[in-house]
Structure formats: structure tokens, C-alpha cells
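Read through the structure below, which is laid out as C-alpha cells, and then see the notes.
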Amino acid sequence: MIDIKNIRNFSIIAHIDHGKSTLADRLIEKTGSLDKRQMKDQVLDNLEVERRHGITVKAQAVRMEYLYDGVLYELNMIDTPGHADFTYEVSKSLSACEGALLVVDATQGVEAQTVANLYLALENNLEIIPVINKIDLPTADIEKTKSEIENLGLDASGAILISAKNDIGTDKVLEAIIKYIPPPKINNEETLKALIIDSWYDNYKGVVCLVRVFEGEIKIHDRIMIFSNKKEYNVESISVLTPKPKEIETLHAGEVGILISNIKNIDDVLVGDTITLASNPAKAALKGFKKIKPFVYAGIYPTDTEKYDDLKEGLEKLKLNDSSLEFEPEKSDSLGFGFRCGFLGMLHMNITKERLEEEFGLDIVVTNPSVLYKVEKTDGSIIEISNPKDLPEPQFIRSILEPYVSIDVITPSEYIGSVLNLLQEKRGYQKNLSYLSANRCLITYSAPLSETITNFYDTLKSITRGYASFNYEFEGYKPSDLVKMIILINNEPIDSFSQIVHKDKAYAQAREVLAKLKEFVPRQLFEIRLQAKVGGKIIAKEEIKALRKDVLAKCYGGDITRKRKLLEKQKEGKKKLKQLGKVAISKEAFMKLLEPTKR
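Residue numbers (the numbering used here): 6 to 604.
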């Protein structure tokens, strides 16, 4: 057993694509945790979507041993996701550490998620070691990057200069971890307190928990208890990732490891919860636990209605490894049977969609995303809704509250005007504007989440030529002047296109939806009336002209009354069709209609 003063628990925090996973690879390689035959790029990224997008979605941990000045040190690296959607996982990973490596790309400088993750690390009182990566690239500007780091309040004079890809300076990173990151502190309490950093489901072992022990120790066959729900289990096995699993007998205070306790339900084990001994439970849980709630909702439907059970099975399997995913059955008049799903954000939604398609071979339709609203009714009760069809009638609503987020945008100075205009269009208001360097600016705005979940990132990248980055975090609920917009086709409401929109934007959005419907709804033998309705009033309309058969084709002469008679007969027939005819919209047309409009 290694002495606790020789244990170092640390994370690597960085913006997407700044080299976090590559640095993790080099540290694993340097400490001899894997030999060169076993090494591969992004060794801690297990999911195919992580490798393709170059991001980390699920936190991983690895124990490394490193001999320094004749002393053997145990280094526990707890990997963190690098996207705003997974901030809660980042905060739990950081709360299990005493220090963090802040990795900044020398060619790009400080980005929005660098700032957000740094503030999370400072909230957890971590020792921060600045690391400047990609110093060997021709466009690297080390002095400018140091200046931007110092504008965040950190001393960057001793920042470690590395190239993780070409293994330049990575030895100095290991030295800095040992020298500057403090060993774990323990209060020598007799009872066990362990933080659940992550959990996932294994088909053969049940729920697997990644834990950091803060007080006491865990042994095989101990009877443990989950603090929040008081459920008890026997510890079946304990192991550490090196990064290959390695079985051990005991997990001591200050250490990070894996616990298997014959837990069958992933919902029993929530990230951030506390594990303690059933025979001698802790009086209080470790701080920071909260049940995370999805903020973005969308309907997922199989294009083939016979694949409903396959979609259900796929979502259930994803739920086992992703406790933040929520879903419940839903029926749409247009799309049939499917599921209403809750996600942490748009990236989380897109990754879930890709995994359903790739891992389960499903062909699916995803409806327009919406957010979770709170509705205060006239009787004083408050309900939460994510589906526009669940919104009560206007006479029963006192107010509607929508979620707001605090947005940080880092952009070159020349694009400030364009970025501010975009944020104003999204109903945002400015909170702060400061300069990180002579030509890079940090803009902080408060804006409704519903305005940022579609097209915001693409538009931001477009108007700044790809140079801007943004991060957001949930701020709270605020009352807004919102209305329900209903789309009707021949007086029939189409639930899939109903939206909750701001009153000032209702007309523009109605015109946009109707224009797309006019383009993609197939013409019929009768006229199709498209309408958008708000509060019982039609605010926009379009018409799709009827297909017309040439009934006069065989009239080669004769009296004009014969032609009139044929035309009148056709007119009567079309009037009857208009009353009885149903408009069938194909799934392919629906998929095109549900694609977001580029603004």
C-alpha cells in the first residue's frame, strides 16, 4: 500500500480539441501503464462517437504509478468531459481531485469552455497547473496565450510548455503533478464516505461504480449503503483501472477505484451520491449531490412503425449507461408511436441519435427540440411541460416561465458587433464584456435556452468565420410572454409542428413553418389550406393549389355549354374531395420539414 502523502488525484480540463485526450495518452505511456503495443490514440475514449467528434462524453479514470526521486507515487487521473452539456459530470470529477491541469492550445488561446471549467475547478479549491499545448505548431503564440491565462487570474509565468502529440515537455507535467498538487486530506473518521464519480452498466456484472474514497476504506464483502435512497448491497469485487482492470482487496482513503456490488438498476446509483457502510453509516453525505434534470426534449420515432419495440430496447440499453437520459412513450397523429426523450443539451441529443442509429441499426425521426417550461396556473399550482400539446388553455394560465442560461462567448474583437447583434436577436441581455487580450473579447449574456438550442452555434461560427467559442450554464427560470402556435392542415391540427414561441416572434416563425410545409407537402387533387393559429386567431396562412386534370382534352368542338358542364362537374367533385380528403405526409417529408432552418 502506498502512503497517502504519495497519492495525487488530478483532472485535465480543457476546451474541445485542445489536446486533453492526447496528453492523457502521453501520461499513460510515460508511466508505463500500457506498453506501446497496447497504446492507441484517445485510449480513454471508449465510445465511437467520442473518437469521431474528438470529445469526451463519459468520465474515465486511470491509476498510474511513477517513480520520482526514488519514491513511488500513485497518480489517479480522473478524465472529464469537455462540453457544456456535461458540466455536472465535470464538477463531480473535479470534486474527487485535489488539483487540475488547465490545458490551453497555443494556436487558439483561451476558449469559452476553458473559462467555465477553470471556474468549476476554483470553486472546488483545486490547485491549478497551467499547461500550454501545441507549442511546436507554426501558428503557436505562447506569450499571447500566457497573457490570456493571466487575465483569468492565474499566474502563467511558470506554465508548462508542451506538445502532447510529439511528446515534448510531458515529463515536466508529471513532475509538476507531484510537486504542486497536494496529497488527499482525510479527517480520520472511522466511518466510510465515498463519492460516486460515474456509473455504467455491464451485461455480466450489473452496475459498475467509479468511486473516490474520502474517509475510511472499502473491503470485499463489506455491506454498503447508498446514502440518498438507503439501499444496501454487498461488495462483490474491487478493482482499479491501470487502464486495464486490476483486482484489489481494499480501497483506502484518498484512492479511486471501481466497485461491483450486484446492483441491477442504474437509477439506484446516481452520480455525485455518497456510499457509506450499512453497519456504521455516515451522519451526512458528501457535499454537492443533486439529481440532474434534462433541459432539452424531443420526440424520437421509428421510420418503420414495426421497429417501435427495437427503439424501446435501444433506449433502455442506452439508459443503462447514461442515467441523464429520460424517455416515456408518446403517440403522434402524424408519426405514430414513439418516445418523448429528455437530454442535457443538443450535443447529448445528437450523440443519443447517432448511437441509436449506429449501435442498434435504427432509422429514426427526431422532432424539433423544445425545453422544459414551468406554467403557473390560475389556481396557484405550477406544472412542468416539455410538449406544446400539454400546455393548458390560455384562460387557465397565469404566467409561463422559461429556462434562461448564462452564455460566455469568446471572440476576436473585429466580430464583437455581429456577436452582440446575434445575442440581441436571441432575446438576450448583456451582463459583461471584457478583453482577454488586445484582440480577444469575452462577452457574457443571459438568454432563453430555447433560443440557443437550434442554430445558435452554427450561426455564431458562421458570423465569426469559425473563430468564436461559446459555453453556457443554467441560470434559472424567468417569466416570458409565450404563446402556443398551432399548425393546421385543412383545419386539422398537426401536433408535431406545434410550438411554444415568444409572442413577438410568433408571426415570423409561423411564416417560416408554413413556407416549409408548402415546399414539402405533396399536392393533392384538392386545394390544401395551411394555417398557423395563436390563441384562437389565425396569424398566417398559405395555400397549396390542387392538381387539375384536363377534363376538356377530348372536347373537339360542340356547344360551349358542354365544356361548362364538364368544368362544373369537376368543381363539385373537388369541393367534395376537399371535405372528405385527408392529407398524407410521408415520413421523408416530415424529416425534411423537421430540419432546422439555417439563419
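Built from N, CA and C at the ideal position, the CB exists for glycine as well.
CA-to-CA distance, Asp315 to Pro334, given in whole angstroms: In the sequence shown, counting from the first residue as 1, residue 334 sits at position 329. In the sequence shown, counting from the first residue as 1, residue 315 sits at position 310. Going from the Cα of Pro334 to the Cα of Asp315 covers about 13 Å.
query: Among Phe232, Tyr472, Tyr482 and Leu330, which one has its Cα closest to the Cα of Leu447?
result: Taking the first residue of the sequence shown as position 1, residue 447 is located at position 442. When only C-alpha atoms are compared, the closest one is Tyr472.
- prompt: Can you pull the DSSP bridge partners for Arg217?
  reply: Reading the sequence shown from its first residue, position 212 is the one you call residue 217. The partner list for Arg217 (beta bridge, DSSP) reads Leu200 and Val261.
task: Using three-state DSSP, classify Leu343 as helix, strand or coil.
output: Within the sequence shown, numbered from 1, the residue matching residue 343 stands at position 338. Residue identity differs from the one stated: residue 343 is Gly in this sequence, not Leu. Strand.
- prompt: My guess is that Lys436 and Ser451 are in contact by the Cβ rule of under 8 Å, so how many angstroms apart are they, rounded?
  reply: Counting from 1 along the sequence shown, the entry for residue 436 is found at position 431. Counting from 1 along the sequence shown, the entry for residue 451 is found at position 446. Indeed, because the Cβ distance is near 6 Å, the residues count as touching under 8 Å.
message: Per the DSSP calculation, Ser411 is bridged to which residue(s)?
response: Taking the first residue of the sequence shown as 1, we reach residue 411 at position 406. Bridge partners of Ser411: Ser451 and Glu478.
- prompt: Taking C-alpha atoms, which residue in Val109, Pro399 and Val371 lies nearest to Ile21?
  reply: In the sequence shown, the residue the question calls residue 21 occupies position 16. Nearest option by C-alpha distance: Val109.
- request: Could you name the residues that DSSP lists as bridge partners for Tyr440?
  value: One-based indexing of the sequence shown puts residue 440 at position 435. Answer is Cys446.
- prompt: Can you list the beta strand (DSSP E) stretches of 3 or more residues lying completely in the region 456 to 509, in chain order?
  reply: 474 to 485, 487 to 494 and 504 to 507
message: Below 8 Å on the Cβ atoms is my contact criterion, and I expect Lys324 with Ile271 to pass it. Report the Cβ-Cβ distance as a whole number of Å.
response: Here the question's residue 324 lines up with position 319 in the sequence shown. Here the question's residue 271 lines up with position 266 in the sequence shown. Confirmed, Cβ separation roughly 7 Å.
Contact set for Gly221: own chain, Cβ-Cβ below 6 Å, skip 5 residues either direction: Residue mapping note: residue 221 aligns to position 216 of the sequence shown, counting from 1. Closer than 6 Å at Cβ, skipping near neighbours: Thr196 and Leu197.
field: Assigned secondary structure, Phe401 (DSSP; H/G/I helix, E/B strand, else coil)
entry: For this step, residue 401 is matched to residue 396 along the sequence shown. The answer is helix: DSSP assigns Phe401 an H, G or I state.
message: By the three-class DSSP mapping on this structure, what secondary structure does Arg567 have?
response: Residue mapping note: residue 567 aligns to position 562 of the sequence shown, counting from 1. Helix, per DSSP.
- request: Have a look at Gln529 and Glu497 and give me their C-alpha separation to the nearest angstrom.
  value: As a first step, residue 529 is located in the sequence shown; it is residue number 524 there, counting from the start. As a first step, residue 497 is located in the sequence shown; it is residue number 492 there, counting from the start. C-alpha separation (whole angstroms): 16 Å.
message: With a threshold of 8 Å, are at least 3 pairs of Cβ atoms found where one atom belongs to the region 506 to 522 and the other to the region 530 to 537?
response: yes
Integer Cβ distance of Asn495 from Ile533, believed to fall under 8 Å: Locating residue 495 in the sequence shown gives position 490, where the first residue counts as 1. Locating residue 533 in the sequence shown gives position 528, where the first residue counts as 1. Rounded, the Cβ-Cβ distance is 6 Å, consistent with contact.
query: Between Glu419, Lys358 and Ser233, which lies nearest to Tyr306 when the distance is taken from Cα to Cα?
result: Position 301 of the sequence shown, counted from the first residue, corresponds to residue 306. Comparing Cα positions, the closest option is Lys358.
- prompt: With contact counted as at least three CB pairs below 8 Å, one residue from each stretch, are the region 419 to 434 and the region 386 to 394 in contact?
  reply: no
query: Using the C-alpha atoms, what's the distance from Tyr378 back to Tyr420?
result: Translated into positions along the sequence shown, residue 420 becomes position 415. Translated into positions along the sequence shown, residue 378 becomes position 373. Distance between the alpha carbons of Tyr420 and Tyr378: 33 Å.
task: To the nearest angstrom, report how far apart Ala19 and Asn444 are at their CA atoms.
output: For the purposes of this step, residue 19 is taken as residue 14 along the sequence shown, with counting starting at 1. For the purposes of this step, residue 444 is taken as residue 439 along the sequence shown, with counting starting at 1. Distance between the alpha carbons of Ala19 and Asn444: 21 Å.
query: Which residue comes first and which comes last in the alpha helix (DSSP H) that contains Thr1?
result: Residue 1 is absent from the structure shown; the chain starts at 6 and stops at 604.
task: Decide if Tyr71 is buried, meaning its Cβ has at least 16 other Cβ atoms within 10 Å, or exposed.
output: In the sequence shown, the residue the question calls residue 71 occupies position 66. So Tyr71 ends up on the buried side.
message: So Ile223 and Ser98 are supposed to be a Cβ contact under 8 Å. How far apart are they, rounded?
response: Here residue 223 is taken as the residue at index 218 of the sequence shown, counted from 1. Here residue 98 is taken as the residue at index 93 of the sequence shown, counted from 1. Their Cβ separation, rounded to whole angstroms, is 19 Å, which puts Ile223 and Ser98 out of contact at 8 Å.
- request: Could you work out which residue in Pro143, Thr150, Phe502 and Ile280 is closest to Ser136 when comparing CA atoms only?
  value: Here residue 136 is taken as the residue at index 131 of the sequence shown, counted from 1. Reading off the sequence, residue 136 comes out as Val, not Ser. The shortest Cα separation from Val136 among Pro143, Thr150, Phe502 and Ile280 belongs to Thr150.
task: Quickly, what does DSSP pair Pro417 with across the bridge? List them, please.
output: What you label residue 417 is simply residue 412 of the sequence shown in a count that begins at 1. The partner list for Pro417 (beta bridge, DSSP) reads Arg445.
- prompt: Is the number of C-beta pairs between the region 260 to 280 and the region 224 to 242 that are closer than 8 Å three or more?
  reply: yes
query: Using DSSP with H/G/I as helix, E/B as strand and the rest coil, what is Phe348?
result: Translated into positions along the sequence shown, residue 348 becomes position 343. Strand.
- prompt: Is the CB-CB distance between Gly104 and Ile186 below 7 Å?
  reply: As a first step, residue 104 is located in the sequence shown; it is residue number 99 there, counting from the start. As a first step, residue 186 is located in the sequence shown; it is residue number 181 there, counting from the start. In contact: Gly104 and Ile186 (Cβ atoms closer than 7 Å).
field: Distance between beta carbons of Arg217 and Ala283, contact taken as under 8 Å
entry: To locate residue 283, count along the sequence shown from 1; it is residue 278. To locate residue 217, count along the sequence shown from 1; it is residue 212. About 20 Å separates the two Cβ atoms, so there is no contact after all.
message: Tell me the rounded alpha-carbon separation between Leu454 and Cys102.
response: Mapped onto the sequence shown, residue 454 falls at position 449. Mapped onto the sequence shown, residue 102 falls at position 97. Each residue's Cα considered, the two are about 31 Å apart.
message: Given a cut-off of 7 Å on the beta-carbon distance, is the pair Ala169 and Thr27 in contact?
response: Residue mapping note: residue 169 aligns to position 164 of the sequence shown, counting from 1. Residue mapping note: residue 27 aligns to position 22 of the sequence shown, counting from 1. Going by C-beta atoms, Ala169 is nearer than 7 Å to Thr27.
query: Which value, in whole angstroms, describes the spacing of the CA atoms of Leu123 and Gly114?
result: Taking the first residue of the sequence shown as 1, we reach residue 123 at position 118. Taking the first residue of the sequence shown as 1, we reach residue 114 at position 109. For Leu123 and Gly114, the distance between alpha carbons rounds to 14 Å.
message: On the DSSP letters alone, give me the boundaries of the beta strand (DSSP E) that Ile243 sits inside.
response: Residue 243 sits at position 238 when you count from the first residue of the sequence shown. First-last of the beta strand (DSSP E) with Ile243: Ser242 to Leu246.
task: Return the chain-ordered ranges of every beta strand (DSSP E) run that is complete within the region 368 to 398 and spans a minimum of 3 residues.
output: 369 to 371, 378 to 382 and 387 to 390
field: C-beta contact flag for Gly350 and Val301 at 7 Å
entry: Counted from its first residue, the sequence shown places residue 350 at position 345. Counted from its first residue, the sequence shown places residue 301 at position 296. Yes, Cβ-Cβ distance for Gly350 and Val301 is below 7 Å.
field: Rounded separation between Arg68 and Glu407 - CA only
entry: Mapped onto the sequence shown, residue 68 falls at position 63. Mapped onto the sequence shown, residue 407 falls at position 402. Whole-angstrom Cα-Cα distance: 43 Å.
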